[in-house]
Each structure stands twice: as structure tokens, then as C-alpha cells.
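Written below as C-alpha cells is the structure these notes are about.
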Amino acid sequence: MEIITTLINGLSIGGIYAMIALGYTMVYGIAKMLNFAHGDIIMVGGYTIYVFMNITGHPLIAVAVAVVFCVLIGVTIEKVAYKPLRGASPLAVLITAIGVSYLLQSLAQIIFGSAPKMVQFPDIKPIQIGSLKIQVYTLITLVASIIVMVLLTLFVKYTNIGRAMLATSEDRSATELMGINVNSVITITFAIGSALAALAGLFYLLKAPNISNTFGSMPGIKAFTAAVIGGIGSIPGAMLGGILLGMVEAISYNIPAIAPYTDAIEFLILIVILLVKPAGILGKRRREKV
Amino acid sequence: MALLEIKDLEVYYGVICALKGISFEVNEGEIVTLIGANGAGKTTTMHSVVGLLPPKNGSVFFDGVDITKQPCHKIVRMGMTQVPEGRHVFQELTVYENLILGGYLVKDQKQIKDDLEKIYTRFPRLAERKYQIAGTLSGGEQQMLAMGRAMMSRPKLLMLDEPSMGLSPLLVDEVFEIIKEFNNDGTTILLVEQNAGKSLAISDRAYVLENGLISLSGTGKELMASDEVKKAYLGG
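Chains as they are written, first to last, in the working numbering: chain L, 1 to 290; chain X, 1 to 236.
Following this line, the structure appears as C-alpha cells:
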């Protein structure tokens, strides 16, 4: 029974990582940049949920506001900080992203102080099936993340905007030649990534309801690891990497001998993958264009 | 009035001047060719006209509208597109998805369906490989796909950059045949080619580009008969 609980926990943590990893991977694939402020969008989402839980007491309203607010913040960051650097050296963009990350963390600290805030969610009794005990929030996380991944896959494959995103990630000039505004495609990508980060913020809070200004750092870095393991730039890769990392984390936590080293084990997997398959599990080595 | 009018176009890559002020025009219904050696500035011209590479000086008019320094996607919306050098089909998407992206601007679903049908009839190979990943097509098939994709938006002006590059002689003939067909159906063509013989043969008019300047111009026949062109581009 404990195996099943571990499995479900792993899948739900993995679902959270996958959702965040999708933001990293889509922005990397389409805007060709590593958005290191992505983790902090989770934190922005978390604080928004905290504020609106206090005002309304209703988690659904709080998360809806958080999604909208994170989309606005994400798109604004892209317009103000990243868009002027299009065509600049990747290092300049990377440093800017790190700067944005610190900016968001510092602003949160100024507004909310450095002591962690506790978000009070309604108490729901765990579901008991025989000796199997599952937290309802874990189940919600799991189901929601699966729905999000399915919807995103369908969106990318079957809508015009989705196809335009794939086209942009492959060949920006050819995409422009189709009459597609690549800048709008990038904006939409940031919007989707930020919405997913807000959702991830909610699910992470459901697991650990304390939020501080570095709330997004660890899930951010874990999800980035997941994106690289899966093959950065690849959407299925981010999903696979996220689930994989979540499973490893849950299993490792359950084995007392290695539990304290869980984070180290996860990053070790990254190193091994990079040594064996540098492009990641589902990543393709693209031909560099001249 | 010319459909496309280029006046004193100057383009730089950093400090290097690639186009030193060229002027030419393409009238409605024509096939116009730019010929020239490697590095003469042909692709630079194409990129600059379509807005992928903003010129430093000079102007580009399309259909009477100044499109200089407009972004590429806006220019394409006005009714011109390009089959880029090296084809640039979306390698990881299917043939069908490539064609659908070509019709991205078309709102009328029936027109998309009709045009897809037309392209599949004209290029049966593409119909057979509808759901195949474009990267797995042969060079010739990719060229057909790139041309079909460009036609999905029903452009007034179609620009083709070295469409015959890297193809077998048989396929080269086929490509020029298709260009003529597109033109007969009412599409104005601007062609850039190193294969001077074949392209001059189907052109109404042509320009010779040399080191970023236009050195010669005339009808296709005139240039084919010109000694200079014969010596430099047609192998004696």
C-alpha cells in the first residue's frame, strides 16, 4: 500500500515540476532564452493566492486571480526586460533574467517582509480505501496536472497558434514568411508559461503552505533540471522529465537511508543524463544553421 | 505601375556594404530574374525586400505602398511571400502542417481546403506523404513543399531564392515548369538564380547583380544573347 501512496505522491510532485518545466522549455524553444525569473513567477502566484485567500477565503477565486496576475506580470517582464534584447548576446539576456529574478524576490520581501506567511486552505479529510490513505489535495494536483498537459499538447498540435509556436521554435525567419508575428507568438508563450507557473504555485502551496520570497527558487531549479533531463525545448520532454524527477523524489524520500540526499540524487541524475545524452532524453540535436 | 519597385537600396552587414544602391522593378504578371555569382548580393536583396533585413538607405514600394522597414510579417500580409534559399520547410512538422502554416493568414476555411486540394493534385508526392515529417522528405520534395506552402497564401508576388539549388537536372526542369505555371495562373514572380540559362529562358526581364550593383539589365532573351552574360554565367 505504501508503494501506491509513494507512486501517487511522486506523480503529483512530478506533475508540478512538469507544469513549471513546460514554462522553461517553451520559452527556451521559442524565444531561445533561459528565463531564470520563471521560478519567481511561482512565488508571485503564491503571494497572490495568499492575499486573495485572506480576502475571499475561496481557493478557486484566489487561484483565478493568481493566474491572471501572473500572466500580466510574465508578459510585462517579457515586453520590458527581454524584448529590447532580442538579437543581443544570450549572455546579456541570461543576466537580465537573473536580474529580474532578484527584482521580483526583493519586491516581495519589501511588500510581505521576510518572515514566511502561512496560507490557510480548507481542511479536507484524506480519502481512505482499505489501508490506503490519500490526501485529496495530492489527488487534485495529480488530476489537474494531467489535464493541463493533455490540453497543452492538443493546443500545440491542433491550433493555428500552437503550430505557429512549433514553427517559431524551429525557424524564426521562415515563420515570419508565413505572415506570423513572431513577437506575438513569444508573448503568448510567456503568457502560457506564467499561467502554468501560477497553477504550480497553488499546488506547491497545497503541499507546503508556507510562502516566503524564495518560495519559487527550489521548485524552479528542480523544474529546470527536469526540463534539461527531458530535453530542453521539447514539450513532451518537459513532461517526462518532470514526472521522472517527481517519482525519484518521492521514492527517495521513502527510503530512510537516502532520504536526506534526495536533492543531491536528483541533481546527480541531471549530471548523468548530461554525460550520457547531452541533448536530454527526448531532445534533438539540432543542426546549427549557418 | 510596377508591383514591386526598389529604389537605391543600400544594405549593410555591420560595416560591410552588401548592396551599394540598387534599383529595379517588377511589373504585374512578369517573371523577373536576378542573376549573379555567389556573394553578389542576391539573397541580401531578397531578405531586404521582404523585411527580414532592414536596408540602411533606399526604399521598397509594393503595390504603391512604401514597405521599407516594415516587419516581415506585415509585408507578407500585403500579398508577397518568399521561398527562401535552402527551402526552410519546418523539418519537424508534417507536410500537412507545413501547408496549413502557409495558409496561416487565410481566414476562409474553404479556400484553405481548395488550395490544399490543388497542391496535392499538382504534387502527388506531397499527397502521398501528407502526414510524414517534412525533414524526412527528399530535397526535391522539400522544394515542392516550400513552393506549395508559399502558394497557400495566394501571394500577388512570389519570390524564389535559388529554387533549383542542389536538385537533379530532371527536378530542376520540373521546378522551372512549376514557376511558369504559377505565373500563368496570375502570380508575379521574382526569381533569384545561379542557373542563369534556365531562369533567363522563362524570364520576361532580368538583372545582373555584381558586387552589390546592377551591372546589366534587359529582357531574358537580350541577356541570353549578351556576350558578357554568356561569358560569365552561361559557360561561354
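Even for Gly, the Cβ is constructed at its ideal location relative to N, Cα and C.
Source: prediction; values computed, not measured.
Determine, for residue i, whether the minimum Cβ-Cβ distance to residues of chain X falls below 8 Å.
i	result
Arg86 (chain L)	no
Ser173 (chain L)	yes
Asn210 (chain L)	no
Glu78 (chain L)	no
Glu249 (chain L)	no
Ala92 (chain L)	no
Leu166 (chain L)	yes
Glu176 (chain L)	yes
Glu288 (chain L)	In this prediction, Glu288 (chain L) has a pLDDT of 44, which is less than 50 and means its spatial position is unreliable; nothing more can be read from the coordinates.
His38 (chain L)	no
Closest Cβ-Cβ distance between residue i and chain L: below 8 Å?
i	result
Phe90 (chain X)	yes
Glu97 (chain X)	yes
Val11 (chain X)	no
Gly14 (chain X)	no
Thr137 (chain X)	Correcting the residue identity first, residue 137 (chain X) is Leu in this sequence and not Thr. Judged by the 8 Å Cβ criterion, Leu137 (chain X) is not in contact with chain L.
Val50 (chain X)	yes
Leu4 (chain X)	no
Cβ of residue i within 8 Å of Cβ of residue j?
i	j	result
Asn213 (chain L)	Gln109 (chain L)	yes
Ile235 (chain L)	Leu22 (chain L)	yes
Ile42 (chain L)	Gly237 (chain L)	no
Val177 (chain L)	Val76 (chain X)	It is Leu, not Val, that sits at residue 177 (chain L) in the sequence shown. In contact: Leu177 (chain L) and Val76 (chain X) (Cβ atoms closer than 8 Å).
Ser194 (chain L)	Cys70 (chain L)	yes
Gly246 (chain L)	Gly10 (chain L)	yes
Val89 (chain X)	Ala134 (chain X)	yes
Phe36 (chain L)	Ala88 (chain L)	no
Ala191 (chain L)	Gly74 (chain L)	yes
Thr6 (chain L)	Leu132 (chain L)	no
Ala250 (chain L)	Tyr24 (chain L)	no
Leu19 (chain X)	Gly212 (chain X)	yes
Ile119 (chain X)	Leu99 (chain X)	yes
Arg238 (chain X)	Leu116 (chain X)	In the structure as shown, chain X starts at 1 and stops at 236, and residue 238 (chain X) therefore has no counterpart that could be examined.
Glu5 (chain X)	Phe61 (chain X)	yes
Gly140 (chain X)	Leu126 (chain X)	no
Gly179 (chain L)	Gly231 (chain L)	no
Val95 (chain X)	Leu145 (chain X)	yes
Met80 (chain X)	Val65 (chain X)	no
Phe172 (chain L)	Val182 (chain L)	The amino acid at residue 172 (chain L) is misidentified as Phe; the sequence shows Arg. Yes, Cβ-Cβ distance for Arg172 (chain L) and Val182 (chain L) is below 8 Å.
Ala40 (chain X)	Glu222 (chain X)	no
Find the residues of chain L that neighbour residue i, judging by a C-beta separation of less than 7 Å, and give them in chain order.
i	result
Cys242 (chain X)	With chain X represented from 1 up to 236, any question about residue 242 (chain X) goes unanswered, as that position is not in the structure.
Ser243 (chain X)	In the structure as shown, chain X begins at 1 and stops at 236. Residue 243 (chain X) is therefore absent and cannot be evaluated.
Run down chain X in chain order and give the residues with a C-beta less than 8 Å from the C-beta of residue i.
i	result
Glu170 (chain L)	Phe90, Gln91, Glu92 and Leu93
Rounded C-beta distance between residue i and residue j? I'm assuming under 8 Å.
i	j	result
Ile20 (chain L)	Gly220 (chain L)	7 Å
Gly21 (chain X)	Gly58 (chain X)	7 Å
Val256 (chain X)	Asn195 (chain X)	Beyond the ends of chain X as shown, which are 1 and 236, falls residue 256 (chain X); an answer cannot be given.
Ile16 (chain L)	Ser145 (chain L)	7 Å
Gly45 (chain L)	Ala174 (chain L)	No, Gly45 (chain L) and Ala174 (chain L) are not in contact; Cβ-Cβ is about 35 Å, not under 8 Å.
Leu9 (chain X)	Pro55 (chain X)	5 Å
Ile186 (chain L)	Glu78 (chain L)	7 Å
Tyr47 (chain L)	Phe112 (chain L)	6 Å
Leu166 (chain L)	Leu93 (chain X)	6 Å
Val192 (chain X)	Ala150 (chain X)	That belief does not hold up - the Cβ atoms of Val192 (chain X) and Ala150 (chain X) are roughly 14 Å apart, past 8 Å.
Going along chain X in order, which residues have a C-beta closer than 7 Å to the C-beta of residue i?
i	result
Leu22 (chain L)	Neighbours of Leu22 (chain L) on chain X: none; closest Cβ ~18 Å, over 7 Å.
Show which residues of chain L have a CB atom less than 9 Å away from the CB atom of residue i.
i	result
Leu209 (chain X)	None at all; the shortest Cβ gap to chain L is about 21 Å.
For the ligand GTP, is there any heavy atom lying closer than 7 Å to the beta carbon of residue i?
i	result
Leu245 (chain L)	Inclusion of the ligand GTP in the displayed structure is not the case, the ligand content being empty and no account of it being possible.
Taking only beta-carbon atoms, is residue i less than 8 Å away from chain B?
i	result
Ala206 (chain X)	Among the protein chains of the structure shown, namely L and X, there is no chain B.
Proximal residues, the stretch 46-61 of chain L versus chain X, C-beta separation under 7 Å: Per Cβ criterion, the list is empty.
query: Closer than 7 Å, Cβ to any Cβ of chain L: which residues of the stretch 64-90 of chain X, in chain order?
result: Within the stretch 64-90 of chain X, the residues whose Cβ lies closer than 7 Å to some Cβ of chain L are Cys72, His73, Val76, Arg77, Thr81, Gln82, Pro84, His88 and Phe90, listed in chain order.
message: Beta carbons nearer than 9 Å to chain L: which residues of the stretch 97-120 of chain X have them?
response: Residues of the stretch 97-120 of chain X with a C-beta atom less than 9 Å from some C-beta of chain L are Glu97, Asn98, Ile100, Leu101, Gly102, Gly103, Tyr104 and Leu105, listed in chain order.
- prompt: What are the residues of the stretch 151-164 of chain L that lie near chain X, defined by any Cβ-Cβ distance shorter than 9 Å?
  reply: Lys157, Asn160, Arg163 and Ala164
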